[in-house]
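Peer 1: If you use full-length UniProt numbering, the sequence shown closes out at 175, no skipped numbers anywhere.
Yeah, the Cβ is synthetic: ideal placement off N, Cα and C, and Gly gets one too.
Given the structure is predicted, the values throughout are model-derived calculations rather than measurements.
Could you have a look at this structure, given as structure tokens, before my questions?
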Amino acid sequence: MEYIDIFTRDGKFTGISRPKHDPKKPGEYYRHVLIIMKTADSPEPGEGEGQYIVQQRSLKAKYYAGKWDMTGGAVMAGETPEAAAAREVKEELDITVPADELKLGYENIVDWDDGTGLLVSVFMCRVEVPEGGFEFDAREVNDVKVMPFHEFLYHVSDHNDEDFCNSLKEIEKRL
């Protein structure tokens with residue numbers, strides 16, 4: 001069973017860890033990571049549009065089933081966001097990214113209507129596209145593609161807010 005640590009909205013650990021899928025109580029937040037992966041052979045910032053590795057969420061996923069999105073997931077109890085990001089990339093796409101090669105793009109707080117939420121760390125990195133194609137966890141991922149930034153942004157814009165999408169545009173300028 002996977003456990004997550006519970007935090008306050010301002011990021012203070014409450015001392016509580018519980019099973020990942022247990023209901024949260026109002027005022028409880030947990031950490032989540034997203035990883036934006038630009039291909040290693042993409043142009044340098046300002047020299048052309050980057051190419052991004054994106055995954056199509058499982059068609060059976062509880063949230064955003066079948067949507068094209070970035071890799072991500074919950075930070076497990078006792079885990080750092082950097083370690084969680086490296087783990088998620090390995091688990092979902094079988095790509096090894098050392099935690100120290102991940103750069104923090106920005107952090108965001110997501111508040112839900114029930115009084116709970118997420119403390120999101122968005123990491124960015126450049127990765128090589130596997131020569132033999134992508135190996136992915138079919139329980140979580142339906143397909144994987146490389147697409148130009150404008151397509152990537154189009155796909156994630158339908159389930160993320162304007163501020164989030166503007167932050168992605170800033171990452172494209174820096175990564």
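In whole angstroms, what is the alpha-carbon distance linking Tyr52 and Leu102?
Peer 2: 15 Å
Peer 1: Using a threshold of 7 Å, state whether the C-beta atoms of Trp68 and Val54 are closer than that.
Peer 2: Yes, the Cβ-Cβ distance between Trp68 and Val54 is below 7 Å.
Peer 1: Could you check the C-alpha separation between Lys173 and Tyr3 for me, to the nearest Å?
Peer 2: 36 Å
Peer 1: If you draw a straight line from the C-alpha of residue 176 to the C-alpha of Glu28, how long is it?
Peer 2: Since the first and last residues shown for the chain are 1 and 175, residue 176 lies out of range.
Peer 1: By the DSSP assignment, the alpha helix (DSSP H) with Glu91 in it spans what residues?
Peer 2: Pro81 to Leu93
Peer 1: Run through DSSP, which three-state label would His21 get?
Peer 2: coil
Peer 1: Grouping DSSP H, G and I as helix and E and B as strand, with all else coil, what is Val156?
Peer 2: helix
Peer 1: Where does the unbroken beta strand (DSSP E) through Arg9 begin, and where does it stop?
Peer 2: Note, Arg9: premise wrong, no beta strand (DSSP E); not H, not E.
Peer 1: So, with DSSP's three-state summary, where would you put Glu131?
Peer 2: coil
Peer 1: I believe Val33 touches Ala99 by the beta-carbon criterion, under 8 Å. Please report the beta-carbon distance rounded to the nearest angstrom.
Peer 2: Not quite, the Cβ-Cβ distance comes to about 11 Å (not below 8 Å), so this is no contact.
Peer 1: Taking only the alpha-carbon atoms, compute the straight-line gap between Ala138 and Lys60 and give it to the nearest angstrom.
Peer 2: 10 Å
Peer 1: Note down, one range per segment and in chain order, each beta strand (DSSP E) of at least 3 residues found wholly within the stretch 37 to 80.
Peer 2: 51 to 57 and 71 to 74
Peer 1: If you follow the alpha helix (DSSP H) that Asp163 is part of, which residue opens it and which one closes it?
Peer 2: Glu162 to Arg174
Peer 1: Answer with buried or exposed for Glu92, where buried requires no fewer than 16 other C-beta atoms within 10 angstroms of its C-beta.
Peer 2: buried
Peer 1: Report yes if the CB atom of Gly11 is closer than 7 Å to the CB atom of Leu118, and no otherwise.
Peer 2: Taking 7 Å as the cut-off, the Cβ atoms of Gly11 and Leu118 do not count as close.
Peer 1: My guess is that Tyr30 and Phe13 are in contact by the Cβ rule of under 8 Å, so how many angstroms apart are they, rounded?
Peer 2: Not a contact, Cβ separation roughly 11 Å.
Peer 1: Are the CB atoms of Lys38 and Arg126 nearer to each other than 7 Å?
Peer 2: yes
Peer 1: Could you tell me which residues DSSP puts in a beta bridge with Glu107?
Peer 2: Bridge pairing for Glu107: Ser121 [DSSP].
Peer 1: Using only the alpha-carbon positions, how far apart do Phe136 and Glu49 sit?
Peer 2: 26 Å
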